[in-house]
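As C-alpha cells, the structure follows; a few thoughts come after it.
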Amino acid sequence: MGAPLAFITGASSGIGQALAWRYHQAGYRLALVARRREEMERGARERGIPQADWRAYGADVGDVESIVAAARECLAQQGVPEVVVANAGFSIGVDTAERADLDVIARIYAVNNVGMAATFHAFIEPMCQRGSGRLVGIASVGGIRGMPGHGGYCASKAAVISYCESLRGELRGTGVRVVTIAPGYVDTPLTRHNRYPMPFLMTPEDFADRAFHAIAAGSSYRVIPWQMGLVAKLLRVLPDAWFDRLLAGRPRKHRGG
Ligand SMILES: NC(=O)c1ccc[n+]([C@@H]2O[C@H](COP(=O)([O-])OP(=O)(O)OC[C@H]3O[C@@H](n4cnc5c(N)ncnc54)[C@H](OP(=O)(O)O)[C@@H]3O)[C@@H](O)[C@H]2O)c1
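This is how it looks when you write it as C-alpha cells:
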C-alpha cells in the first residue's frame with residue numbers, strides 16, 4: 369500500500385500550509401489546493417518535498433465547478449485521500465447598512481460554507497466505499513457567538529459547526545469520520561491586522577501539530593488551544609446582556625476596501 373494522501377484547501381498560506389507540512393512530516397502525500405498555485409509549488413520546492421509526493425491544484429473554493437473539478441482531478445491523479453481538510457476561508461468585517469457589504473457577505477458564505485461542502489462532495493462516495501477517511505472542517509471560535517462588526521464571518525463559522533455536525537450524523541457507521549476543528553487565534557495573514565487583543569495566539573506550526581493529533585484521534589469537535597475551548601464554553605453560557613457589555617466598544621474587524 370502507498371503512502372496515505374491528504375487533500376488540503378487553503379494550502380498556499382497560514383494554517384493550511386502548516387498542516388500540509390505536518391502531514392508530509394508524518395509520511396503523507398499531499399494534494400494542495402488554493403487559487404495561488406505558484407505559491408504552493410514554491411513552498412513545496414523550498415521545503416524539498418520530492419515531486420512525486422505532492423501535486424498543486426489551482427482552484428477557487430468559492431466557485432463550485434472549480435473546486436469539484438480539482439477534487440475529481442485529485443481522485444484521478446492521486447487516488448482517494450485518507451484526510452480531506454476544508455480549510456480555505458477568509459475573514460473580513462462587514463456593515464449591514466452598507467450595500468456593498470451584502471456582496472461581501474455572499475462571498476463569505478460562498479467560500480467558507482458552500483465551498484466546504486463542495487470540497488467534501490466528490491470524496492464522500494469513494495471514501496464510504498473504502499470504509500475509512502476523515503473529512504475535516506475548519507471552523508473558528510468566532511462561530512460560537514456573534515461579534516459586532518463581524519457578522520458575516522461569525523455566521524459562516526457557526527454554520528460550519530452545524531454543517532459538520534449534520535454530516536457527521538449522516539456518515540455514522542460508514543467508517544468516514546467528520547472532524548470539526550475550531551481554532552482560537554493563529555498568527556497568519558488573516559489575523560495580522562486585527563485591532564484587538566488575541567489571547568493564546570499560536571504559531572501556525574503549533575496549531576497544525578495539535579490539529580494533526582486531534583484529526584488522527586478522530587475527535588468529533590475540538591477547540592485549539594484548549595484554553596480557548598474553555599473561553600468558548602464560558603462565552604456560550606454567558607447571558608446576552610453580559611456578553612453585549614463585554615464586547616461593547618471593542619475594536620472591530622476591518623472592512624474591505
Ligand atoms: N488565523 C486564525 O486565527 C484563524 C482562527 C480561526 C479560524 N481560522 C480559519 O482557518 C482557515 C485558514 O485561515 P488562515 O489563518 O490560515 O488564513 P490565510 O493565511 O489568509 O490563508 C487562507 C488560505 O485560504 C485560501 N483561500 C482563500 N479564499 C480562497 C478561495 N476562494 N479559493 C481557494 N482558496 C482560498 C488562501 O489561498 P489563495 O489566496 O491562494 O486562494 C489561503 O491559502 C480559514 O478558514 C479561517 O477562517 C483562522
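Just remember that our numbering sits 368 ahead of the position in the sequence shown, which is counted from 1. A virtual CB, placed ideally from N, CA and C, is assigned to each residue, including glycine.
- Residue state for LEU598 is assigned as helix, using DSSP reduced to three classes.
- In the DSSP assignment, GLY501 falls within the unbroken beta strand (DSSP E) covering 501 to 506.
- In terms of Cβ geometry, ILE592 and PHE580 do not form a close pair [threshold 7 angstroms].
- For VAL436, the CB stays at least 6 angstroms from every heavy atom of ligand 1.
- Residue environment for ASP469: buried (at least 16 other C-beta atoms within 10 angstroms of its C-beta).
- Non-local C-beta neighbours of ILE583 in its own chain, meaning closer than 6 angstroms and more than five positions away in sequence, comprise ARG502, VAL504, VAL547, ordered along the chain.
- Taken in chain order, the complete alpha helix (DSSP H) segments of 4 or more residues contained in the segment 375 to 426 are 382 to 393, 405 to 414.
- Taking every protein chain shown into account, the CB of ARG397 has 16 or more other CB atoms within 10 angstroms, so this residue is buried.
- In the DSSP assignment, ARG540 falls outside any alpha helix (DSSP H), carrying neither H nor E.
- In this structure, the beta-carbon distance from MET408 to ALA454 does not fall below 7 angstroms.
- Here the distance from the Cβ of PHE568 to the nearest heavy atom of ligand 1 is not below 6 angstroms.
- Distances taken from the Cβ of VAL453 to the heavy atoms of ligand 1 include none shorter than 6 angstroms.
- By the Cβ test, the segment 479 to 496 is in contact with the segment 425 to 443, since at least three Cβ pairs between them sit closer than 8 angstroms.
- Boundaries of the alpha helix (DSSP H) harbouring ALA579: 572 to 584, taken from the DSSP string.
- Residue nearest to ASN481 within the set GLY511, PRO551, THR464 is GLY511 (criterion: CA-CA distance).
- Within the model, the alpha-carbon separation for GLY384 versus ALA427 is close to 14 angstroms.
- The Cβ atoms of GLY586 and VAL472 lie no closer than 7 angstroms to each other.
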